[in-house]
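This note's numbering numbers the first residue of the sequence shown as 716 and each following residue consecutively.
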Amino acid sequence: MPEKQHVIIGTAGHVDHGKSSLVKVLTGTDPDSLPEEKARGLTIELGFVFMDVPEYEKQIVFIDVPGHEKLVKTMVAGASHINAVMMVIAADEGVAVQTKEHFDILTLLGIRRGLIALTKSDLVDRSRLEEAECEVRNFVRETFLESAPIIPVSAATGEGLDKLKSALTDIGRQVDLPEDSGIFRLPIDRVFTVHGFGTVIAGTVLSGEARAGDGIEIFPDRIIAKVRGVQVHKEKRERSGIGSRTALNLQDIDKDLLRRGQCAAAPGSLSPTLRMDGRLRLLPDAKGVKTRDRLRLHIGTDEVIARVVLLDVEKLLPGESALVQFVLESPGVALPGDRFIIRTFSPVTTVGGGEILDPTPERHKRFDATAIEGLRRFEGPLEARVEQVFRKSQKRSLTPDEAAILLGKRAQVVREVVGRLVESGKLVRIPAEKDERLLPSDAQTALKEKTLAALKKYLLANPHRSFMPVADLKSQLERDADEPSMRLVIDELVAQKALVPVDSGFALPGHEARLQPIEQELAERVEAIYRKAGFEPPLEEDVVRQMRLPLNDFRKILGILLKEGRLVRLDPRLIYHRESFERAKSLLVDFLRLRREITIAGAKDVLRVSRKFACALLEYLDKIQVTRRKGDVHVLK
Ligand SMILES: Nc1nc2c(ncn2[C@@H]2O[C@H](COP(=O)(O)OP(=O)(O)OP(=O)(O)O)[C@@H](O)[C@H]2O)c(=O)[nH]1
Ligand SMILES: [Mg+2]
């Protein structure tokens, strides 16, 4: 039998209005299973109950929440990922305090579907029932439940239950599967142990899938675990399905490490942080919020304490919204687009909520224009969000797949958007055989400028050098760019002839090392020594001794003469004057043209030098590909 799509319906409403009783008469199962709940007639923990409707193509699952004012935290966790709400209002009492608070929370969580069950209809007469209906209709005016059915029911007599069931199945039909990023994510709402099975976590699968044998990571604690088995509605399954209530049996993990509020996800797919940026909207009747207010931040099934920093307003007034940065007191995880709820620290009341825009931001100063501009992009269409992920990562190029993970979007979708951003010139591709990376074009321009500036600065500080060694350049740019971005920018600068590649570094066109007059004079003396020595030049140490120069000064001058090509280094110990070398080369080449091949002894005779020089010259000619070695002889190449 194919797996049925789950429709997750949360109850909501004031304490004792009959939520659990209604779930029980609808399903035959009491959602209150704890002895303490039964004894007190009060829901304390979330209840998860499946409703079997024969012939129905979907599977309804209720999440029954507590209505008590002290347990709103639990209600938020239960309501965080529902598809629709069954708002329960007792006909005798009508709209009460937590009716409104739950309703506000559902609105802030972005729940869009539901119905209202007007319970305990058996306790009121007809006119009170009509009055209650009227009151409720007013209550939901201009809200997401504006045109939702209001159904009088009684858990005691069964009145209205059929109508309620059919309204629930209608709503279920309107629920679509969420867009799937393909990356497994399940916010944990329940942890328990099953005798003989060990530790089990449960929740609603928001995206991707998990199979037995898969590795998962528990965030924000970064605990790696292995899935031993998957269960849906107490039945063993091959894999978890998106949107389904799912239990994962984990291997070798201590239950004490797990709790509601953690998130099980594909390893490495989330980044625990102490800061999150979002748009916060206050309820119209809430108190205002100021920067540094300490609040309870509910994201997914978790609650963390955080201080709020208002980024684009001085003070946030009731009914208004602002871009904010939350500074968390303990790490949390989220993806862009996740909803959150804000409750005051003490006394605890719900004041607002909104959407996470950037779950891993830098620290921002208030009114920072770049930060605000970036967050506005994250609020925009997908193309703007993809662009912003790359912009935010400035110093590091990203692959489209990495960007997809950061956004919680399907890789294929992000790849297409990236293609459009390249066409419009906002992103630049870094060519690579596999795993093509991209960089915002602004970042590329800035990095080019930085590269040229680093080179100029280096050459100014080292006037005797005519180029900057690669390693020095890279270490200068390290803080601003990753290796592929540097490669891209350097290649482009070379192609534009703004950089000139030399042996082991880069030069600026037209730039020559500058010598002090005294160095100039020394350089001429060094050159003269080599010129005069002809085919049998002295060793470096002999020249140093002869000139009575500090070794470093000599090396510097030698470096310039070599760079300028006035001297030629044949091997680590042997240097020729350019003129002597050219003369030796043409003598040997002439000989070869005539005789086709030459031995070391032959070269010795031609140049009248010792074996050491003959050997070095022939090897160097091989190296610069004038000649080629063939056994004991060298021939022209
Ligand atoms: N007469 C009558 N009593 C009801 C009806 N529904 C619930 N009750 C009674 O109302 C009381 C509270 O019902 P619950 O179902 O526990 O209420 P709840 O909304 O789940 O309460 P919390 O979970 O604690 O918020 C119980 O004593 C129920 O027997 C109904 O339709 N008619
Ligand atoms: Mg209850």
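We put the beta carbon where it would ideally sit given N, CA and C, even for glycine.
* Limits of the alpha helix (DSSP H) - the one that Thr758 falls within -> By 1-based counting over the sequence shown, the position of residue 758 is 43. Unbroken run through Thr758: none, as it is neither H nor E.
* Could you have a look at Phe934 and say whether DSSP puts it in helix, strand or coil? => Stepping through the sequence shown from its first residue, residue 934 is reached at position 219. The answer is strand: DSSP assigns Phe934 an E or B state.
* **Contained beta strand (DSSP E) runs [length at least 3] in the region 1288-1333, N- to C-terminal order** => 1289-1292
* Asked: How close, in whole Å, do the beta carbons of Leu824 and Gly1068 come, if the pair is a contact with beta carbons under 8 Å?
  -> Within the sequence shown, numbered from 1, the residue matching residue 824 stands at position 109. Within the sequence shown, numbered from 1, the residue matching residue 1068 stands at position 353. With a Cβ gap of about 7 Å, Leu824 and Gly1068 count as contacting.
* Under the criterion of a Cβ to heavy atom distance below 7 Å, does His817 qualify as lining ligand 1? -> The residue labelled residue 817 in the question sits at position 102 within the sequence shown. No, the beta carbon of His817 sits no closer than 7 Å to any heavy atom of ligand 1.
* What span of residues does the beta strand (DSSP E) with Val906 cover, start to end? -> Taking the first residue of the sequence shown as position 1, residue 906 is located at position 191. Segment Arg900 to Val909, the beta strand (DSSP E) holding Val906.
* Check each residue's C-beta against every heavy atom of ligand 2 and list, in chain order, those closer than 5 Å. => Result (chain order): Lys734, Ser735 and Thr758.
* Give me the Cα-Cα distance between Pro1199 and Glu1297, rounded to the nearest whole angstrom. => Residue mapping note: residue 1199 aligns to position 484 of the sequence shown, counting from 1. Residue mapping note: residue 1297 aligns to position 582 of the sequence shown, counting from 1. Their backbone Cα atoms lie some 41 Å apart in a straight line.
* Answer yes or no: do Leu1302 and Leu1322 have a C-beta to C-beta separation smaller than 8 Å? => Here the question's residue 1302 lines up with position 587 in the sequence shown. Here the question's residue 1322 lines up with position 607 in the sequence shown. Yes, the Cβ-Cβ distance between Leu1302 and Leu1322 is below 8 Å.
* To do: For the region 765-777 and the region 804-811, state whether three or more C-beta atom pairs, one from each stretch, are separated by less than 8 Å.
  => no
* Asked: Three or more C-beta pairs closer than 8 Å, one from the region 965-984 and one from the region 1051-1071: is that the case here?
  -> Segments in contact, no.
* At least three beta-carbon pairs within less than 8 Å, the region 1175-1186 to the region 1147-1163 -> no
* To do: Starting from the C-beta of Asp1073, find all residues in its chain whose C-beta is less than 6 Å away, skip the five residues before and the five after it, and write them out in chain order.
  => Your numbering for residue 1073 matches position 358 in the sequence shown. The answer, listed in chain order, is Asp992 and Phe1093.
* Gln1211, buried or exposed, once every other Cβ within 10 Å from all chains shown has been counted against 16 -> Here residue 1211 refers to the residue found at position 496 when the sequence shown is read from its first residue. With fewer than 16 Cβ atoms within 10 Å of its Cβ, Gln1211 is classed as exposed.
* Since Leu1192 contacts Thr1166 with CB under 8 Å, what's their CB separation in whole angstroms? -> Indexing the sequence shown from 1 puts residue 1192 at position 477. Indexing the sequence shown from 1 puts residue 1166 at position 451. Correct: roughly 6 Å between the Cβ atoms.
* Asked: Measuring CA to CA, which of Ile1339, Arg1308 and Ile1290 is closest to Phe1328?
  -> To locate residue 1328, count along the sequence shown from 1; it is residue 613. Check the Cα spacing between Phe1328 and each of Ile1339, Arg1308 and Ile1290: the tightest is with Ile1290.
* Asked: What span of residues does the alpha helix (DSSP H) with Lys1171 cover, start to end?
  -> Indexing the sequence shown from 1 puts residue 1171 at position 456. Run containing Lys1171: Ser1156 to Ala1176, per the alpha helix (DSSP H) assignment.
* Residues sharing a beta bridge with Asp992, DSSP -> Along the sequence shown, one-based indexing puts residue 992 at 277. Gln1040 and Asp1073, per the DSSP bridge assignment.
* Since Arg1267 is in the alpha helix (DSSP H), which residue starts that stretch and which ends it? -> Counted from its first residue, the sequence shown places residue 1267 at position 552. The question names Arg, yet the displayed sequence has Asn at residue 1267. Looking at the DSSP string, the run of the alpha helix (DSSP H) that includes Asn1267 is Leu1266 to Lys1278.
* With a threshold of 7 Å, establish whether the CB of Leu761 neighbours any heavy atom of ligand 1. => Taking the first residue of the sequence shown as 1, we reach residue 761 at position 46. False, no ligand heavy atom lies under 7 Å from that Cβ.
* **Contact test: Pro867 Cβ vs ligand 1 heavy atom, cutoff 7 Å** => Within the sequence shown, the letter at position 152 stands for residue 867. No.
* In whole angstroms, what separates the C-alpha of Leu1025 from that of Ala1037? -> Numbered from its first residue, the sequence shown carries residue 1025 at position 310. Numbered from its first residue, the sequence shown carries residue 1037 at position 322. Those two C-alpha atoms are separated by around 7 Å.
* To do: Determine the DSSP secondary structure at His817, reduced to helix, strand or coil.
  => Locating residue 817 in the sequence shown gives position 102, counting from the first residue. Looking at His817 - three-state DSSP - the assignment turns out to be helix.
* Asked: Quick one: Cα of Val890 to Cα of Arg1194, how far?
  -> Within the sequence shown, the letter at position 175 stands for residue 890. Within the sequence shown, the letter at position 479 stands for residue 1194. The alpha-carbon atoms of Val890 and Arg1194 are separated by roughly 48 Å.
* **Other residues of its chain near Val1209: CB distance less than 6 Å, five sequence neighbours each side excluded** => Here residue 1209 refers to the residue found at position 494 when the sequence shown is read from its first residue. If we look at Val1209 and ignore the five residues flanking it on each side, its Cβ neighbours are Pro1216.
* Taking only the alpha-carbon atoms, compute the straight-line gap between Thr1006 and Pro746 and give it to the nearest angstrom. => Sequence index remark: in the sequence shown, residue 1006 carries index 291 (1-based). Sequence index remark: in the sequence shown, residue 746 carries index 31 (1-based). Thr1006 and Pro746: Cα-Cα distance of roughly 41 Å.
* To do: Please work out which residues of its chain come closer than 8 Å, Cβ to Cβ, to Asp1286, disregarding the five sequence neighbours upstream and downstream, and give them in chain order.
  => Position 571 of the sequence shown, counted from the start, is the residue given in the question as residue 1286. Same-chain partners within the cutoff: Ala1331, Glu1334 and Tyr1335.
* Just to confirm, does Gly756 get its C-beta within under 7 Å of one of the non-hydrogen atoms of ligand 1? -> Taking the sequence shown and counting its residues from 1, one reaches residue 756 at position 41. True, at least one ligand heavy atom lies under 7 Å from that Cβ.
* Use the C-beta contact count for His910: other C-beta atoms within 10 angstroms, 16 or more gives buried, fewer gives exposed. => On the sequence shown, position 195 is the one that residue 910 refers to. The residue is exposed, with fewer than 16 neighbouring Cβ atoms inside 10 Å.
* Asked: Any heavy atom of ligand 1 closer than 7 Å to the CB of Val810?
  -> In the sequence shown, the residue the question calls residue 810 occupies position 95. Val810 Cβ: outside cutoff for every heavy atom of ligand 1.
* **Within 8 Å, strictly: CB atoms of Leu844 and Ile916** => Taking the sequence shown and counting its residues from 1, the one referred to as residue 844 is at position 129. Taking the sequence shown and counting its residues from 1, the one referred to as residue 916 is at position 201. The answer is no: Cβ separation not under 8 Å.
* To do: Below 7 Å CB to CB, which residues in the same chain sit around Leu1254 once its five sequence neighbours on both sides are set aside?
  => Counting from 1 along the sequence shown, the entry for residue 1254 is found at position 539. Within its own chain, the residues whose Cβ lies closer than 7 Å to the Cβ of Leu1254, once the five positions on either side in sequence are excluded, are Arg1288, listed in chain order.
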